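Residue numbers (the working numbering), protein chains in the order written: chain L, 1 to 55; chain X, 56 to 202.
Glycine residues also receive a C-beta, built at the ideal position from the N, C-alpha and C atoms.
Everything numeric in this text was worked out from a predicted model, so none of it was measured.
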Amino acid sequence: MKTKGLKFDNKFFEQKVTMTVSERLNALDLTKLAPKKQELANRLLEKVKDSLPRR
Amino acid sequence: MQHNFYRDLYIEDGYEAFDFFSIGKRGIAPKRIAFIPTDQEAVYNLVFGDINAEGEIDDEVISDNGDRNKILATVIYVVNTYLEAYPERIVFFTGSTEGRIRLYRIVISVHYTDFSKKFDIYCQTETGIVPFKRNIEAKGFLICKKV
Numbered sequence: 001m002k003t004k005g006l007k008f009d010n011k012f013f014e015q016k017v018t019m020t021v022s023e024r025l026n027a028l029d030l031t032k033l034a035p036k037k038q039e040l041a042n043r044l045l046e047k048v049k050d051s052l053p054r055r
Numbered sequence: 056m057q058h059n060f061y062r063d064l065y066i067e068d069g070y071e072a073f074d075f076f077s078i079g080k081r082g083i084a085p086k087r088i089a090f091i092p093t094d095q096e097a098v099y100n101l102v103f104g105d106i107n108a109e110g111e112i113d114d115e116v117i118s119d120n121g122d123r124n125k126i127l128a129t130v131i132y133v134v135n136t137y138l139e140a141y142p143e144r145i146v147f148f149t150g151s152t153e154g155r156i157r158l159y160r161i162v163i164s165v166h167y168t169d170f171s172k173k174f175d176i177y178c179q180t181e182t183g184i185v186p187f188k189r190n191i192e193a194k195g196f197l198i199c200k201k202v
């Protein structure tokens, strides 16, 4: 399995982390992981879409 | 900031899903964190919990493994990693119960001084989205990297 590094501000947690790329995770359809939770999130966000932070 | 969290993570290549193992008094429980696109542009829903038999994330189960703080610290670490990879995105999350929403509010409050150096944090309330304050009744939370 390949490992993958990411440069980030390690001071946030000051500890080493091992991240291993998972082919099983790569094959996931994220939209099917939590359908009820996703429906709730979309419902909540629809109510406030005009005041979402702008990026 | 020093925190104890799970440091062996399995990741999706685009940093949009993470797996780890909760290890505690009830044994080993696989956990998953995912960032799922919502209907709102640039807003991604943070979902985490146990992986059920259907491969879905179950955020209602109580594992009772005695490592709640370690799991929450792991989620915080993952959110930080995700927003480093996608600084233009906004992470939204809510709790499956009022108790969990209150817990997340407390966690943010306790670490707000540190978090706010790097992130902008908002509450989603009945009336709209407002900057995070310690005693606001929130339905959900949004976090994004400071511009």
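Sequence-ordered contacts of the region 115-149 of chain X with chain L read Tyr132, Asn135, Thr136, Glu139, Ala140, Glu143, Ile145, Phe147, Thr149 [C-beta pairs closer than 7 Å]. Annotated three-state conformation of Phe73(X) is strand, per DSSP. Between the C-alpha atoms of Ala84(X) and Val130(X) there is a straight-line separation of about 15 Å. The Cβ neighbour count for Thr149(X), taken over all protein chains shown within 10 Å, is at least 16; the residue is labelled buried. Within the DSSP secondary-structure output, Lys86(X) pairs in a beta bridge with Phe75(X), Asp105(X).
In summary, Arg160(X) is buried, with 16 or more beta-carbon neighbours lying within 10 Å of its beta-carbon over all protein chains present. The Cβ atoms of Leu52(L) and Ile184(X) lie closer than 8 Å to each other. Residues of the same chain with a CB within less than 7 Å of the CB of Leu127(X), apart from the 5 flanking positions on each side, are Val162 in chain order. Judged by DSSP in its simplified three-state form, Asp50(L) adopts helix.
Listed along chain L, the residues sitting closer than 7 Å to Asp74(X) by beta-carbon distance are Ser22, Leu25.
Taking CB atoms only, Glu39(L) has no neighbour in chain X less than 8 Å away. Taking 8 Å as the cut-off, the Cβ atoms of Val146(X) and Tyr132(X) do not count as close. The C-alpha of Glu39(L) is placed about 24 Å away from the C-alpha of Pro186(X).
Contact check for Glu46(L) against Asp94(X) passes: the beta carbons are separated by less than 8 Å. Chain order gives the chain L residues near Gly195(X) as Leu44, where near means a beta carbon separation below 7 Å. The C-beta distance from Arg81(X) to Asn107(X) rounds to 16 Å, too long to fall under 8 Å, and the pair is not in contact. In the DSSP annotation of this structure, the continuous segment of the beta strand (DSSP E) that includes Val185(X) starts and ends at 183-186.
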